[in-house]
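> As they're listed, the protein sequences go chains A and B.
Residues in the first sequence are numbered from 557 upward in steps of one, following the numbering used here.
Residues in the second sequence are numbered from 3 upward in steps of one, following the numbering used here.
Note that the Cβ used here is the ideal one computed from N, Cα and C, for glycine as well.
Here it is, the structure, as structure tokens.
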Amino acid sequence: QQQVKQSPQSLIVQKGGIPIINCAYENTAFDYFPWYQQFPGKGPALLIAIRPDVSEKKEGRFTISFNKSAKQFSLHIMDSQPGDSATYFCAATPNNAGNMLTFGGGTRLMVKP
Amino acid sequence: ETGVTQSPTHLIKTRGQQVTLRCSSQSGHNTVSWYQQALGQGPQFIFQYYREEENGRGNFPPRFSGLQFPNYSSELNVNALELDDSALYLCASSLREPDTQYFGPGTRLTVL
């Protein structure tokens, strides 16, 4: 069964802290790993994505670390701000499956001022 | 470039009824995917349409069906509604290859 396991379920950090959200997958056919941010009442919005040919990708304050052998990947948010308070989802899809994403369960992040 | 839009925003139905949700894909995108997001959970893939044909399906029963039109807009139909169908239904559009999916704001369906 295709699964993506995400942890922690919730996270509270102070402003300026570096929250880290982890995901693990089982299906070795997965080869595209996006992270989405979702605010209440809104649809998910793509933050950053990575393919398994690189071990790290940075875009602004967001960094993905990818460990292919361990089948794990994580999101780091540098210098977190209260506006980053949202729910974050990791996801994955195989190359031959179009864009049929399998999502993790989500992490609710709160950044305190 | 217009974004993904969905209608209606909210919908209340009773058990056993049928519902149709609509989605307009982002300009230039030929693939539409539908997801169900239960409260407090991640979205679950329902199905995907590419050039008006179903291109893949998740673990959902046949009472969940869809259409894609020549302009790439799409409908999700759910028959014989059950209480557990209460969720946020998300539409996402993209190009065919595994790439960025752009999600709409969703339709909140409540089944009483």
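Taking 7 Å as the CB-CB limit, is A/Gly572 close to chain B?
Mapped onto the first sequence, residue 572 of chain A falls at position 16. For A/Gly572, the answer is no, since every Cβ of chain B falls outside 7 Å of its Cβ.
> Please state whether DSSP places A/Pro650 in a helix, a strand or coil.
Numbered from 1 along the first sequence, position 94 holds the residue referred to as residue 650 of chain A. The answer is strand: DSSP assigns A/Pro650 an E or B state.
> I believe B/Ile48 touches B/Gln38 by the beta-carbon criterion, under 8 Å. Please report the beta-carbon distance rounded to the nearest angstrom.
For this step, residue 48 of chain B is matched to residue 46 along the second sequence. For this step, residue 38 of chain B is matched to residue 36 along the second sequence. About 6 Å; that satisfies the 8 Å criterion.
> Cβ of B/Thr109 less than 7 Å from any chain A Cβ?
The sequence position of residue 109 of chain B within the second sequence is 107, counting from 1. Not an interface residue.
> Relative to chain B, which residues along the segment 587 to 604 of chain A have a C-beta separation below 9 Å, given in chain order?
The residues in question are Asp587, Tyr588, Pro590, Tyr592, Gln594, Gly597, Lys598, Gly599, Pro600, Ala601, Leu602.
> Taking the Cβ atom as the reference point for each residue, do A/Leu695 and B/Thr102 lie within a distance shorter than 7 Å?
Limits of chain A in this structure are 557 at one end and 669 at the other, which puts residue 695 of chain A out of reach.
> From the DSSP secondary-structure annotation, give me the bridge partner or partners of A/His632.
On the first sequence, position 76 is the one that residue 632 of chain A refers to. Bridge partners of A/His632: A/Ile576, A/Thr619.
> Who are the neighbours of B/Gly106 on chain A, taking C-beta pairs under 9 Å?
On the second sequence, residue 106 of chain B is found 104 positions in, with the first residue counted as 1. What B/Gly106 touches in chain A: Gly599.
> State yes or no: is the beta carbon of A/Met666 nearer than 7 Å to at least one beta carbon in chain B?
The residue you call residue 666 of chain A lines up with position 110 of the first sequence. Cβ-Cβ to chain B under 7 Å: no for A/Met666.
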